[in-house]
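Data block below; observations after.
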Amino acid sequence: MGQFIQFTLTRAFMALFTLLTVSLIVFTLMEMVPGNCAERYLAFKNTQGQQITVDDIEAEERRLGLDRPFLIRWASWVGNVFFKGEFGDSCILRLNINQLLSDKYWISLGICLAALILAYLIAIPVGIYSASTPSPVTNNLLRFLSYLGLALPNFLLALIIMLISTVLFGDSLTGLFSKEYRDAAWSLAKFQDFLSRAWLPIFVLGWSATAFAMQTVRALMLDEIGKLYVTAAAARGIYGRRLLWRYPARHAMGPVINSLGFDLNRIFNELPVVALILTLTEAGALLIEALARSNDQQLAGAIIFLLTASIVIVNFVTDVLLALMDPRIRKGLIG
Amino acid sequence: MRLMFWRKRELDQQKLKEAYFTASQGQLIRARFKGNKTSMVAAWALTIMILTGLFAPFLSPYAPDISGRDKEYENGPPQIPKFWDENGFSWRPFIYATERKRSFETNFRWVITQNRDERRYLQYFVKDWEYSLLDIEWDLPGDTFDVNVQMFTWDRHLFGVDKGGIHIFGTDGTGKDIYSRTLHAIYTSLAVGTLGVLISFVLALIIGGVAGYFGGWIDSVLQMITDAIRTVPPIPLFMALAAFMPDEWSSETRFFFIATILGLIGWPTLARRIRTHLLTERAQEYVLAAQLSGASASHIIRRHLLPSFTSYIIVDLMITFPYVVRSETALSFIGLGLTDPVNSLGSLMQNVSKADVLLNYQWYFIPVIFFIAFVLAFVFVGDGLRDAADPYSKTKK
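Residue numbers (my numbering), protein chains in the order written: chain A, -2 to 332; chain B, 287 to 683.
So this is what it looks like as structure tokens:
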């Protein structure tokens, strides 16, 4: 038990370190954009017909605390994020970022996690099956599919699905809700509608991850199937699915669980572009909005930080789960 | 008789074995790669595509930018050259003359009609816009970095028609030839990929090399930083960085900026591999043997360590390449990457998600096929090379 606590604490410390590093990167990026909040705010006032002087800008900088040194501003930003969960205001929209993001962030995260789950629901059985069949046709097909996961980026897949469905059914299948439910309050009917439309973005988002995960599961299973304990189990008369799931699959699952965080990374990667194509207004399209249209660095920084934090948390949870499942990791023997 | 046959076979085998044991690493890799049929096919496809990219101006009948637009053929469907129709057979391939009309019957939309009685014959090596196969004109910030080289200037193009235009992949909304744009886009993707991969390679070599060579706490700290950077989803980060670009930047500056960003973010995976490789190789017996025979550190690095992983590095670069191209495409697609005068596969596809395009102008999707083929070829070649470079791949598979 002591070892487990030590393990968890080390991992927690590492996660915290990662978050801090990422926050420094994100904050530096926000700072590197020409012009600061005070200038933007006063430039806006200028367009409203007010006369602006350099003194005004400096006064505004003092009011917003922008005259302090870089590291102190970073510390206060990080402090607010970590202890209060507060990202401050967006300069351009002059709205509180938490209010702006809350719902959208949770829906995006939900969709991405659903995509992750769907990816593994498909990848694990298919990967295990393909590792256990000697048929070269299945194996080559699977190899080709996993390469397509790289060659056919999610947004192109989305476009092709849209093209086919428009030509065949006359509906481009975009958006998360149909028209009548878009602004309605949440209800069972709205949820059903959501589910009936959300499968496409969920599948599209998970597509690359599925293709890669299939390859990973297959490779891991192939490694494990050749090992002696499997032969020994087979010699004891265990065969078929029972043998596969009980022995090699359990061992192969460790690295698979370990890669969950990186797959979530992959899915987040696709989120903005897929969201743009499938017009998912609730999801990462906001990031594009924040960056491309308005150069809103505060909002963009908050989104990137939130996405990375989700990945770090998933990584931490999978690490702890693995340690719970596998005593070898818990005792620091491997991994 | 039979005995002789056996003997001969044994001798052959011995020769083969000898050849195998005396072959250099490069020869072994080449031999193994040639044995992989899919990778060989992919390698040929890739070579052809790289050549089309390099000779894009010669192969494309029209300029890929606004100067090459065909005003009379906007949103025109692909024109596929034919050898025969109901009016007879012709050795020289031909297309039909087109006409566009707008009237009350067509609801005042421009509608393009073919005139099947008027043929336009394909001409070869036609004179058109002038281009240079080697055309480097970089207007980088700072005058000293400006480069202006123009060589192999020519004005001939592989094919064209005598009157009107030929657009074998159709045209887009402004009348630009999609075929010409696709070829130029392949070139752009190659250039962005090469530059991005080179930048991340240099970074990875330095950071991974330092971590792997020194080991210890330097390695731990560098690893933690690398891991932290690896957790950030790259495309959102690309987007944040790409938003720095002021609108007034020229397309060349944008190109370099994008390639640099892609390189700056792509290094962690590569650095990690180099580091792991260095760490494992450093502890190998052959390094120890060299040390015991009194070899200097620089000799060990040059003669033993570097050759031990150059093949891995080449493979890694091949594998990284499609990721860079893919990120560039995604960035350009959402309008944050390369923009109009520079054609990239992403900027070509910018408008395809509109309902109008989906319903009426499906040929906008033709570049997608090229993108997929391009990346697939790269991945297959990279994979084949990895298998070939791995001396244990045969026993594993």
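Built from N, CA and C at the ideal position, the CB exists for glycine as well.
Checklist line | C-beta neighbour in chain B for Asn333 of chain A, strict 8 Å | finding: Because chain A here runs from -2 to 332, residue 333 of chain A falls outside it and cannot be looked at.
Notebook entry, point to check: Can you tell which of A:Met250, A:Leu165 and A:Ala232 has its C-alpha closest to the C-alpha of Leu645 of chain B?
Noted result: A:Leu165
Margin query: For Val201 of chain A, would you say it is in contact with chain B, using Cβ-to-Cβ distances shorter than 8 Å as the test?
Written below: Contact with chain B is absent for Val201 of chain A, since none of that chain's Cβ atoms lies less than 8 Å from the residue's Cβ.
Notebook entry, point to check: Does any CB atom of chain A fall closer than 8 Å to the CB of Ala674 of chain B?
Noted result: no
Notebook entry, point to check: Using a C-beta to C-beta distance shorter than 8 Å, which residues of chain B count as neighbours of Tyr226 of chain A?
Noted result: The contacting residues do not exist; Tyr226 of chain A stays about 19 Å from chain B at best.
Margin query: Given a cut-off of 8 Å on the beta-carbon distance, is the pair Pro347 of chain B and Ser466 of chain B in contact?
Written below: yes
Margin query: Helix, strand or coil, according to DSSP, for Phe375 of chain B in the structure here?
Written below: In this structure, Phe375 of chain B counts as strand in the three-state DSSP scheme.
Next item on the list: Look up Leu408 of chain B in the DSSP assignment and say whether it is helix, strand or coil.
Entry: strand
Item checked: Proximity winner among A:Val309, A:Leu319, A:Ile301 and A:Ile235, relative to Met27 of chain A (alpha-carbon distances) -> A:Ile301
Next item on the list: Go through its chain and collect everything with a Cβ distance to Ala349 of chain B's Cβ below 6 Å, but skip five positions before and after it.
Entry: Contacts found: Trp415.
Check: What residues in its chain sit with their C-beta under 7 Å from that of Thr15 of chain A, if we drop five residues either side in the sequence?
Finding: Val309
Margin query: Against chain A, does Ile511 of chain B count as a neighbour if the rule is that its beta carbon must be under 8 Å from one of theirs?
Written below: yes
Next item on the list: Run down chain A in chain order and give the residues with a C-beta less than 8 Å from the C-beta of Gln260 of chain B.
Entry: Limits of chain B in this structure are 287 at one end and 683 at the other, which puts residue 260 of chain B out of reach.
Notebook entry, point to check: Where do the ends of the alpha helix (DSSP H) carrying Pro133 of chain A lie?
Noted result: Pro133 to Ala148
Next item on the list: Could you tell me the distance, in whole angstroms, from the CA atom of Thr460 of chain B to the CA atom of Arg60 of chain A?
Entry: 50 Å
Note to self: Beta-carbon within less than 6 Å of Lys683 of chain B's beta-carbon, same chain only, minus the 5 sequence neighbours each way: which residues are those?
What the structure shows: Reliability fails at Lys683 of chain B, whose pLDDT of 38 lies under 50, so the model's placement of it is uncertain and the value that follows must be treated cautiously. No residues qualify anywhere along the chain.
Next item on the list: Report the three-state DSSP secondary structure of Gln636 of chain B (helix, strand or coil).
Entry: coil
Notebook entry, point to check: Cα separation between Thr539 of chain B and Gly623 of chain B?
Noted result: 11 Å
Notebook entry, point to check: Alpha carbon to alpha carbon, what distance is there between Thr512 of chain B and Arg558 of chain B?
Noted result: 8 Å
Next item on the list: With a threshold of 16 other CB atoms inside 10 Å of the CB of Thr681 of chain B, please say whether the residue is buried or exposed.
Entry: A caution first: Thr681 of chain B carries a pLDDT of 40, below 50, which makes its placement in the model too unreliable to give a value.
Next item on the list: Measure the C-alpha to C-alpha separation of Asp463 of chain B and Leu631 of chain B and round it to an integer number of angstroms.
Entry: 14 Å
Check: Pairing CB atoms from the segment 221 to 232 of chain A with CB atoms from the segment 113 to 124 of chain A, are three or more of them under 8 Å?
Finding: no
Item checked: The alpha helix (DSSP H) enclosing Asp293 of chain A, as first and last residue numbers -> That residue, Asp293 of chain A, is in no alpha helix (DSSP H); it is neither H nor E in DSSP.
Check: Among the residues of its own chain, which have a CB less than 8 Å from the CB of Ile315 of chain B, if the five just before and after it don't count?
Finding: Closer than 8 Å at Cβ, skipping near neighbours: Ser597, Leu671, Ala674 and Ala675.
Margin query: Which residue marks the beginning of the alpha helix (DSSP H) containing Leu345 of chain B, and which one marks its end?
Written below: Ala342 to Leu345
Check: By Cβ distance, which residues of its chain are closer than 6 Å to Gln212 of chain A, with the 5 residues on each side in sequence left out?
Finding: Here the set comprises Ser143.
Notebook entry, point to check: Along the segment 246 to 277 of chain A, what residues have a CB closer than 9 Å to any CB found in chain B?
Noted result: Gly258, Phe259, Leu261, Asn262, Arg263, Ile264, Phe265, Asn266, Glu267, Leu268, Pro269, Val270, Leu273, Ile274, Leu275 and Thr276
Item checked: Status (buried if at least 16 other CB within 10 Å, exposed otherwise) for His439 of chain B -> The question names His, but residue 439 of chain B in the sequence shown is Thr. The residue is exposed, with fewer than 16 neighbouring Cβ atoms inside 10 Å.
Notebook entry, point to check: Got a sec: is the Cβ-Cβ distance from Val309 of chain A to anything in chain B below 8 Å?
Noted result: yes
Notebook entry, point to check: Would you report the Cα separation of Pro653 of chain B and Met635 of chain B, rounded to the nearest angstrom?
Noted result: 8 Å
Next item on the list: Ignore the nearest five residues each way along the sequence and tell me which others in Ile658 of chain B's own chain have a CB closer than 6 Å to its CB.
Entry: none
Note to self: Taking 8 Å as the threshold (C-beta atoms), are Val611 of chain B and Leu332 of chain B in contact?
What the structure shows: no
Item checked: Sequence-distant residues of the same chain with beta carbon closer than 7 Å to Tyr102 of chain A, five excluded per side -> Cβ within range, chain order: Leu303.
Check: Listed from N- to C-terminal order along the chain, which residues in the segment 497 to 529 of chain B have their beta-carbon within a distance smaller than 9 Å of any beta-carbon of chain A?
Finding: Met510, Ile511, Asp513, Ala514, Ile515, Arg516, Thr517, Val518, Pro519, Pro520, Ile521, Pro522, Leu523, Met525, Ala526, Leu527, Ala528 and Ala529
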